[in-house]
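Chemist: The opening residue of the sequence shown carries number 10 in this note's numbering; numbering runs sequentially from there.
Backbone N, C-alpha and C fix where the C-beta goes; we use that ideal spot for every residue, glycine too.
All values derive from a computational prediction rather than experimental measurement.
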Amino acid sequence: MKATGIVRRIDDLGRVVIPKEIRRTMRIREGDPLEIFTDRDGEVIFKKYSPIGELGTFASQYAETLSKTSGYPICITDKDNVIAVSGASKKEFSDKKISDELEKVMEEKTTFMMTSPSSQKIPVIDGSNKYVAGLICPIISEGDTIGSVVFLADEDTKGLGEVEEKLAKSAAGFLGRQMEQ
């Protein structure tokens, strides 16, 4: 754990303000759920809650099946990080922060598809040069975007088609419904 040097007091209603700099750095927005942890030493730790992260093992198995079926590398993200990857280096992607560009596509709640190698390139994570997002389908649960299913593409990918789009939408729809139960 890293000290920030910032001290805040609790108000009469038991609230504490998380400083703007920390909210921006940690991508915490108004309405985001936070998990609260405590330990025996009296420490209180706030962590962004990832509903799709609760399905970690299931998401990994789904990504693996989707990758084998489609022949493309797949990753599944929550709103901030890659939580499952198959067909590409787990070390390169797992638990890495997603790019701002991918986050914007997810916020728009629309499917993005790279139609040709010269199409717009959206990085999945910052600093990854081998893969970009070939297809992004947001996972929506109860009207909120909670993550995405991403088909990865490299320089040899000609463009994804209707079949891959339907697979991604089916996967995103299924994962979204799992979170509603």
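Sorted by chain position, which residues of the same chain lie with C-beta nearer than 6 Å to Phe102's C-beta, five sequence neighbours on each side aside?
Modeler: Along the sequence shown, read from residue 1 onward, the residue named residue 102 stands at position 93. So the qualifying residues of the chain are Cys84, Val91, Val94.
Chemist: Please state whether DSSP places Ser98 in a helix, a strand or coil.
Modeler: Numbered from 1 along the sequence shown, position 89 holds the residue referred to as residue 98. Coil, per DSSP.
Chemist: Counting C-beta neighbours from all protein chains within 10 Å, is the total for Ser179 16 or more, i.e. buried, or is it exposed?
Modeler: Mapped onto the sequence shown, residue 179 falls at position 170. Exposed.
Chemist: Using the Cβ count rule (16 or more neighbours within 10 Å means buried), how would you classify Asp41?
Modeler: Counting from 1 along the sequence shown, the entry for residue 41 is found at position 32. Exposed is the call here.
Chemist: Relative to the C-alpha of Glu112, which candidate in Ile15, Thr86, Asp48, Ala68 has its C-alpha closest?
Modeler: Walking along the sequence shown from the start, residue 112 turns up at place 103. For the residues Ile15, Thr86, Asp48, Ala68, the minimum Cα distance to Glu112 belongs to Thr86.
Chemist: Return yes when at least one heavy atom of the ligand FMN lies under 7 Å from the C-beta of Leu161, else no.
Modeler: In terms of ligand content, the structure shown is empty, and the ligand FMN therefore cannot be addressed.
Chemist: Within this structure, are the beta carbons of Pro60 and Ser150 separated by less than 8 Å?
Modeler: As a first step, residue 60 is located in the sequence shown; it is residue number 51 there, counting from the start. As a first step, residue 150 is located in the sequence shown; it is residue number 141 there, counting from the start. In this structure, Ser150 lies closer than 8 Å to Pro60 by Cβ.
Chemist: Have a look at Phe46 and Tyr58 and give me their C-alpha separation to the nearest angstrom.
Modeler: Residue mapping note: residue 46 aligns to position 37 of the sequence shown, counting from 1. Residue mapping note: residue 58 aligns to position 49 of the sequence shown, counting from 1. So the two alpha carbons sit approximately 11 Å from each other.
Chemist: Do Val133 and Leu144 have their CB atoms nearer than 8 Å?
Modeler: Against the sequence shown, residue 133 aligns to sequence position 124. Against the sequence shown, residue 144 aligns to sequence position 135. Result no, Cβ atoms of Val133 and Leu144 do not sit closer than 8 Å.
Chemist: Determine the burial state of Ile27: buried for a count of at least 16 other Cβ atoms within 10 Å of its Cβ, exposed for fewer.
Modeler: For the purposes of this step, residue 27 is taken as the residue at position 18 of the sequence shown. Ile27 is exposed by the Cβ-count criterion.
Chemist: According to DSSP, is Val26 helix, strand or coil?
Modeler: Against the sequence shown, residue 26 aligns to sequence position 17. DSSP places Val26 in coil when its eight states are reduced to three.
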